[in-house]
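Structure first, commentary second.
Number of protein chains: 2
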Amino acid sequence: MKSTIRPTIAIVAHKAEVSIATVSRVLNGTAPVDEATAARVRSAVADLNYLPQAAARTLASRRTNTLGLLLPEISGFFFQPLLRGVESATSEAGYDLMVHTTHKPLPGGIPRRPLAEHNTDGLLIFTDSVRLRELNRLSSINFPVVLLHQTPPKALGIPYVTIENRSGARKLVEHLITIHHCRRILFLRGPDGHEDSRLRENGYRDALKAHNLSLDSSLIKKGGFNRDEARATVEKILLDGLDFDAVFCGDDDSAVGALQALRQAGKKIPEGIALVGFDDQEFASTTTPPLTTVRAPTEQVGRDAVRMLVNLIQGQNVALRLVHPTELVIRESCGCNLVKRR
Amino acid sequence: MKSTIRPTIAIVAHKAEVSIATVSRVLNGTAPVDEATAARVRSAVADLNYLPQAAARTLASRRTNTLGLLLPEISGFFFQPLLRGVESATSEAGYDLMVHTTHKPLPGGIPRRPLAEHNTDGLLIFTDSVRLRELNRLSSINFPVVLLHQTPPKALGIPYVTIENRSGARKLVEHLITIHHCRRILFLRGPDGHEDSRLRENGYRDALKAHNLSLDSSLIKKGGFNRDEARATVEKILLDGLDFDAVFCGDDDSAVGALQALRQAGKKIPEGIALVGFDDQEFASTTTPPLTTVRAPTEQVGRDAVRMLVNLIQGQNVALRLVHPTELVIRESCGCNLVKRR
DNA sequence: CTGAAAGCGCTTACAG
DNA sequence: CTGAAAGCGCTTACAG
Numbered sequence: 001m002k003s004t005i006r007p008t009i010a011i012v013a014h015k016a017e018v019s020i021a022t023v024s025r026v027l028n029g030t031a032p033v034d035e036a037t038a039a040r041v042r043s044a045v046a047d048l049n050y051l052p053q054a055a056a057r058t059l060a061s062r063r064t065n066t067l068g069l070l071l072p073e074i075s076g077f078f079f080q081p082l083l084r085g086v087e088s089a090t091s092e093a094g095y096d097l098m099v100h101t102t103h104k105p106l107p108g109g110i111p112r113r114p115l116a117e118h119n120t121d122g123l124l125i126f127t128d129s130v131r132l133r134e135l136n137r138l139s140s141i142n143f144p145v146v147l148l149h150q151t152p153p154k155a156l157g158i159p160y161v162t163i164e165n166r167s168g169a170r171k172l173v174e175h176l177i178t179i180h181h182c183r184r185i186l187f188l189r190g191p192d193g194h195e196d197s198r199l200r201e202n203g204y205r206d207a208l209k210a211h212n213l214s215l216d217s218s219l220i221k222k223g224g225f226n227r228d229e230a231r232a233t234v235e236k237i238l239l240d241g242l243d244f245d246a247v248f249c250g251d252d253d254s255a256v257g258a259l260q261a262l263r264q265a266g267k268k269i270p271e272g273i274a275l276v277g278f279d280d281q282e283f284a285s286t287t288t289p290p291l292t293t294v295r296a297p298t299e300q301v302g303r304d305a306v307r308m309l310v311n312l313i314q315g316q317n318v319a320l321r322l323v324h325p326t327e328l329v330i331r332e333s334c335g336c337n338l339v340k341r342r
Numbered sequence: 343m344k345s346t347i348r349p350t351i352a353i354v355a356h357k358a359e360v361s362i363a364t365v366s367r368v369l370n371g372t373a374p375v376d377e378a379t380a381a382r383v384r385s386a387v388a389d390l391n392y393l394p395q396a397a398a399r400t401l402a403s404r405r406t407n408t409l410g411l412l413l414p415e416i417s418g419f420f421f422q423p424l425l426r427g428v429e430s431a432t433s434e435a436g437y438d439l440m441v442h443t444t445h446k447p448l449p450g451g452i453p454r455r456p457l458a459e460h461n462t463d464g465l466l467i468f469t470d471s472v473r474l475r476e477l478n479r480l481s482s483i484n485f486p487v488v489l490l491h492q493t494p495p496k497a498l499g500i501p502y503v504t505i506e507n508r509s510g511a512r513k514l515v516e517h518l519i520t521i522h523h524c525r526r527i528l529f530l531r532g533p534d535g536h537e538d539s540r541l542r543e544n545g546y547r548d549a550l551k552a553h554n555l556s557l558d559s560s561l562i563k564k565g566g567f568n569r570d571e572a573r574a575t576v577e578k579i580l581l582d583g584l585d586f587d588a589v590f591c592g593d594d595d596s597a598v599g600a601l602q603a604l605r606q607a608g609k610k611i612p613e614g615i616a617l618v619g620f621d622d623q624e625f626a627s628t629t630t631p632p633l634t635t636v637r638a639p640t641e642q643v644g645r646d647a648v649r650m651l652v653n654l655i656q657g658q659n660v661a662l663r664l665v666h667p668t669e670l671v672i673r674e675s676c677g678c679n680l681v682k683r684r
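Keeping their order, the protein sequence lines are chains A and B.
For the first sequence, our numbering gives the first residue as 1, with consecutive numbering after it.
For the second sequence, our numbering gives the first residue as 343, with consecutive numbering after it.
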């Protein structure tokens, strides 16, 4: 912020021979202004390359005009479409976007609160990126918040948007059971306490139960929604000689890891073992074989969450819950559509 | 920003029985304060859950404490590590981060300037996301800017950070020529006017020249740094019956597209045609066959750019140019390391 | 349609 | 070490 003197509203006003109130009015369209006067203002603005200071505007108007997005991490294939949806919808709504990841909670002490009511008009919070205590605080001061992929603590009245995890997982596992006659389906679950992970596991259990397959808890292992973790898990399982005829990976990332481990061990997919993922990430169609998975409309989740947040900020009524449908995407890794290869 | 009344510095001061100046001093550590007094202030801050308004702070101090990142798009695998590097370094430096993509320049008229001197202390600008006119303006007011993957217009004196595109590409193509005896190497270039793309093409030409291979311009086609575009291009080439024994894809994204098209057409890779990419994106090790490519330290580019920008903002001297080395990553798609497969 | 003025909530010389 | 006060650059009643 060093540099040459920057024009202020007073300088523009002086140049256009009007009061600063009038400049403000033509810039914001907040009250009728004589057209000739407005034209003088506009030309002064252009000549001076005037840009109203956001901070002064915010202080006077009590609106930051920015939305905050809190994520546990910014990398990971999953966040790509989410970010795209959030960013474009935010921009279209005329807001600025601040992003912060909550990697490691700072040691020692005071939660830093990098994004909150002091610098945004509302917050989009992804699973696990904020402590319950802070969520309670935000809720208690009635600050606009929308949760992503996480049900809010009961009775907090915070709206959220997520996807149909449970039924999606169930349909996928049932496909394995009914079409491909799998009986011992390994499930690679996501991180502990992660809601998507828990619901997908429920869907898995639902499917087994619906087809009278008993649940073998030794078939539920950690995949961590993470390629490397999934690979390591499958490698170990193979060493242990666990018997299974299919793998339901908690997400597409872990599916890639599982695929690597299985192939490394000489297993054929899908002939020897069927494998399916979840999310339908962009790369899912390009693995070998192409991945059968469940399509999660992640970008749409981001867009809708922004829309809800903006409505909240504007004091409109908002649905407390928006759950996007998911859809089976049958490719080849389950054993369908098998094409002769060289 | 609706909601209950929020505590101000005056309320904290009153509760702690000090002046607002003292509250400010203990919060910012900007002057010595008696320890007992400071303790009273801290406890009042905690009791009231006081968060200083960023806008008021900015207005009074003339620092926004935020960095802006301007990108052409936020999706695309390439941007993942870049974002991660920028976000984490920004946070570590104690700044907030605003992100904006410049997808479609607004029709009609006035460039919106969503991120500039009115709401940030400095800008990180990725190739092609800002018009030259705006870059000139920022430079003329001496506003801190660091360019990513783009050489600034001559004599503007804007620092930039990028990678060794040309020599990286050259080494890669020379590998194809000397080790795998490729002679007709198709080059799938990136978007027009994109500096990374142009330099990689130069590297390609350098390699041919160094080995006395004549340049066949019919072997240079559009890949667009884009999977779908690359796939379409290769499909067309195959139809046209163009003769080639290797493909140098401008980036790993286009490599995936080329791979799909070639496999679809029954070509064996690398036995029939060698294929290489650029960037070493996260998925490069998991394609089939694993992709030989050039490692670009994209996350590091992001981190260093932030470091330079922060130095600039603080008025320190900064190198005008930081070029990260790239490194050959030999996997299997070029024909090396061939493992017997079933 | 227009202006004078108060006020948003902080930081920062200036005094003591 | 501490406080009173000016000032940052806007928006927004209030008057006219």
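Virtual Cβ for every residue (Gly too), placed ideally from N, Cα, C.
Here the structure is a predicted model, which is why all the values come from computation and not from measurement.
Using a threshold of 8 Å, state whether the C-beta atoms of G203/A and G223/A are closer than that.
-> Contact flag unset, no.
Which one or two residues does DSSP pair with G410/B in a beta bridge?
-> Looking at the DSSP assignment, G410/B forms a beta bridge with M440/B and L465/B.
Between the stretch 118-135 of chain A and chain B, which residues of the former have a C-beta closer than 7 Å to a C-beta of the latter?
-> So the list reads H118, N119 and D121, given in the order they occur along the chain.
Where T90/A and L67/A are concerned, what is the direct C-alpha to C-alpha distance, given to the nearest angstrom?
-> The alpha-carbon atoms of T90/A and L67/A are separated by roughly 7 Å.
Could you give the residue range of the beta strand (DSSP E) that holds R531/B?
-> Per DSSP, R531/B belongs to the beta strand (DSSP E) from I527 to R531.
Could you tell me the boundaries of the alpha helix (DSSP H) in which L138/A lies?
-> Start and end: L132 to S140.
Taking Cβ positions, are A55/A and A397/B nearer each other than 8 Å?
-> One thing to note: A55/A has its Cβ within 8 Å of the Cβ of A397/B.
N-terminal and C-terminal residue of the beta strand (DSSP E) that F248/A is part of | A246 to C249 is the span of the beta strand (DSSP E), which, as asked, contains F248/A.
To which residues of the same chain is G677/B closer than 7 Å at the C-beta, ignoring the five residues directly before and after it?
-> So the list reads H522, P612 and A616, once near-sequence residues are dropped.
Under three-state DSSP, which class holds K267/A?
-> In the structure shown, K267/A adopts coil according to DSSP, grouped into three states.
By Cβ distance, which residues of its chain are closer than 6 Å to D470/B, with the 5 residues on each side in sequence left out?
-> Contacts found: P414.
For I330/A, which residues of its own chain have a beta-carbon under 8 Å away from its beta-carbon, when the five flanking residues on both sides are left out?
-> Excluding the 5 residues flanking it on each side, I330/A has same chain C-beta neighbours closer than 8 Å at H175, T292, C336 and N337, in chain order.
Would you mind giving the Cβ-Cβ distance between E299/A and P81/A, rounded to the nearest angstrom? I have them listed as a contact below 8 Å.
-> Yes, they are in contact, since the Cβ atoms of E299/A and P81/A sit about 4 Å apart, within 8 Å.
Could you check which residue in G315/A, L309/A, V310/A and Q281/A has the C-alpha nearest to that of S417/B?
-> Here the closest residue by C-alpha is Q281/A.
For V618/B and V589/B, the rounded distance between their alpha carbons | Looking at the backbone, the Cα of V589/B and that of V618/B are separated by about 6 Å.
According to the Cβ coordinates, are V503/B and V643/B closer than 8 Å?
-> Result yes, Cβ atoms of V503/B and V643/B sit closer than 8 Å.
For chain A, is any of its Cβ atoms less than 8 Å away from the one on H356/B?
-> Using beta-carbon distances, H356/B does not count as an interface residue toward chain A, since no partner is under 8 Å.
Taking only beta-carbon positions, decide if P667/B is within less than 8 Å of chain A.
-> For P667/B, not one C-beta of chain A is nearer than 8 Å to its own C-beta.
With a cut-off of 8 Å, does the C-beta of A232/A fall near any C-beta of chain B?
-> No, because no Cβ of chain B sits closer than 8 Å to the Cβ of A232/A.
Neighbouring residues, chain A, relative to Q422/B (Cβ below 9 Å) | Under the 9 Å cutoff, chain A gives I74, S75, G76, F77, F79 and Q80.
List the residues of chain B that Q260/A touches, going by C-beta distances under 8 Å, in chain order.
-> What Q260/A touches in chain B: T628.
Cβ-based burial, A458/B [other Cβ within 10 Å; buried from 16] | Note on A458/B: 16 or more other CB atoms within 10 angstroms of its CB, so buried under the neighbour-count rule.
Own chain partners of R526/B with C-beta closer than 8 Å, once the 5 adjacent residues on each side are dropped = Taken in chain order, the residues that qualify are D558, L561, D585, F586, D587 and A588.
Simplified DSSP state of K496/B, which is helix, strand or coil = In the three-state reduction of the DSSP assignment, K496/B falls in the coil class, being assigned neither a helical nor a strand state.
So, does the CB of L369/B fall closer than 8 Å to a CB anywhere in chain A?
-> For L369/B, the answer is no, since every Cβ of chain A falls outside 8 Å of its Cβ.
In angstroms, rounded to a whole number, what distance separates the CA positions of F126/A and K610/B?
-> If I take the Cα positions, the gap works out to 43 Å.
Whose C-beta lies closer than 6 Å to the C-beta of R303/A among residues of the same chain, with five residues either side of it excluded?
-> These residues qualify, in order along the chain: G85 and A89.
Listed in chain order, which residues of the stretch 248-276 of chain A have Cβ atoms closer than 7 Å to some Cβ of chain B?
-> Those residues of the stretch 248-276 of chain A that come within reach of chain B (Cβ to Cβ, closer than 7 Å) are V256 and Q260.
Helix, strand or coil at H460/B according to DSSP, with G and I counted as helix | H460/B sits in coil when the DSSP states are folded into three classes, being neither helix nor strand.
Cβ-heavy atom distance between D548/B and the ligand MN below 7 Å?
-> Among the components modelled here there is no ligand, and therefore nothing to report on the ligand MN.
Through-space distance from L148/A to E359/B, alpha-carbon basis | Just so you know, the alpha carbons of E359/B and L148/A end up roughly 42 Å apart.
Would you grab the beta carbon distance between I351/B and P394/B for me? Rounded to a whole angstrom, and I think it's under 8 Å.
-> Distance from I351/B to P394/B at the Cβ level is roughly 7 Å; contact confirmed, criterion being Cβ atoms closer than 8 Å.
For L106/A, which residues from the same chain have a beta carbon less than 7 Å from its beta carbon, with the 5 sequence-adjacent residues on both sides left out?
-> Any reading at L106/A needs caution, since the residue's pLDDT is 46, under 50, leaving its predicted position unreliable; the model's value is listed next. Excluding five sequence positions before and after L106/A, the CB atoms of its chain that fall closer than 7 Å to its own CB belong to R112, given in chain order.
Residue range of the unbroken beta strand (DSSP E) whose run includes H324/A = Unbroken beta strand (DSSP E) run through H324/A: R321 to H324.
Could you have a look at L27/A and say whether DSSP puts it in helix, strand or coil?
-> Helix at L27/A.
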